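Asker: Taken in order, these protein sequences are the chains called H and R. If you count the first sequence from 1, position 42 lands on 42 in this note's numbering, and the numbers rise without skipping. If you count the second sequence from 1, position 20 lands on 1020 in this note's numbering, and the numbers rise without skipping. We treat Cβ as the ideally placed atom computed from N, Cα and C, and that holds for glycine. Because the structure is a prediction, the values reported are computed rather than measured. One structure follows; several queries about it will come next.
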Amino acid sequence: GDSVTQMEGPVTLSEEAFLTINCTYTATGYPSLFWYVQYPGEGLQLLLKATKADDKGSNKGFEATYRKETTSFHLEKGSVQVSDSAVYFCALGSGGYNKLIFGAGTRLAVHP
Amino acid sequence: GAGVSQTPSNKVTEKGKYVELRCDPISGHTALYWYRQSLGQGPEFLIYFQGTGAADDSGLPNDRFFAVRPEGSVSTLKIQRTERGDSAVYLCASSLEGALNTGELFFGEGSRLTVL
């Protein structure tokens, strides 16, 4: 069945460092891909998305490119801030009605 | 409130007891989802409602789990004869009907269930 694999955390960075969180997927067909973020004490929220191959999703300085050839959707940010500390979830959309399949999540801790 | 509201935020119960978890979605959102998140894992799909009907309940783990949405708004997840393995955070999310395939679900903060 469809699945998502993302790099284990925690990822610990200093402020202004470059961030990459790897995500690969297995799916039949051509799913949509998403990154969700969960800040401390808050519910999951959509960070960015890409609906077809070679699409780039971006938001709040974060980017991810839908790579069909490598079945990947890695999350990147050029300069992280302390406020980016959160848990990041990669997900794919299946079933045609927002049935999301999530990865296990990667915790990011950014220190001043 | 403006967001998805879930109650209780925490529930501790004993093995074998019955539990109800409530979700109040964003007003006007016709689609509602329940997910379960175990420690160290991502959310796992349980059930999807479109309006009052369960359009997909394929994620419910067994017949001890049941969910309703009688008026197409508030939903209740019901767990009978709870087991220790049911301990998890139960997440509710909603979305606009027109948001099919956009992936934009609006999640509540979850109900943490602990079965002793």
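Report yes if the CB atom of H/Val4 is closer than 8 Å to the CB atom of H/Cys90, and no otherwise.
Answerer: Closer than 8 Å, so yes.
Asker: To which residues of the same chain is R/Glu1104 closer than 7 Å at the C-beta, ignoring the five residues directly before and after it?
Answerer: Excluding positions up to five away in sequence, the list reads Ser1095.
Asker: Assuming R/Lys1015 and R/Val1115 form a contact by the criterion Cβ under 8 Å, report the distance between their Cβ atoms to the nearest whole angstrom.
Answerer: That pair is a contact at about 6 Å.
Asker: Rounded to a whole number of angstroms, what is the C-alpha to C-alpha distance between H/Glu63 and H/Val80?
Answerer: C-alpha separation (whole angstroms): 12 Å.
Asker: Mapping the DSSP letters down to three states, classify R/Arg1084 as helix, strand or coil.
Answerer: Residue state, collapsed to three classes: helix.
Asker: Of all the CB atoms in chain H, is at least one closer than 8 Å to the CB of R/Glu1109?
Answerer: So, interface residue.
Asker: Looking only at its own chain, which residues have a Cβ that is under 6 Å from the Cβ of H/Asn22, when we skip the five neighbours before and after it?
Answerer: The residues are Met7 and His74.
Asker: With a Cβ-Cβ cutoff of 8 Å, do R/Gln1006 and R/Ala1031 count as a contact?
Answerer: Result no, Cβ atoms of R/Gln1006 and R/Ala1031 do not sit closer than 8 Å.
Asker: Assuming contact is defined by CB atoms lying nearer than 8 Å, are R/Leu1021 and R/Leu1077 in contact in what I supplied?
Answerer: Yes, the Cβ-Cβ distance between R/Leu1021 and R/Leu1077 is below 8 Å.
Asker: Reducing DSSP to helix, strand and coil, say where R/Ser1027 ends up.
Answerer: Looking at R/Ser1027 - three-state DSSP - the assignment turns out to be coil, as it is neither helix nor strand.
Asker: If you draw a straight line from the alpha carbon of H/Tyr66 to that of H/Asn59, how long is it in whole angstroms?
Answerer: Taking the straight line joining both Cα atoms gives about 15 Å.
Asker: Relative to the C-alpha of R/Arg1064, which residue among R/Asp1057, R/Asp1056, R/Ile1079 and R/Lys1017 is closest?
Answerer: Nearest option by C-alpha distance: R/Ile1079.
Asker: Do you know how far the Cα of H/Glu42 is from the Cα of R/Gly1108?
Answerer: For R/Gly1108 and H/Glu42, the distance between alpha carbons rounds to 8 Å.
Asker: How would you label R/Ala1002, buried or exposed, when you count the other beta carbons within 10 angstroms and need 16 or more for buried?
Answerer: With fewer than 16 Cβ atoms within 10 Å of its Cβ, R/Ala1002 is classed as exposed.
Asker: Would a check of beta-carbon distances place R/Phe1045 closer than 8 Å to chain H?
Answerer: Closer than 8 Å: yes.
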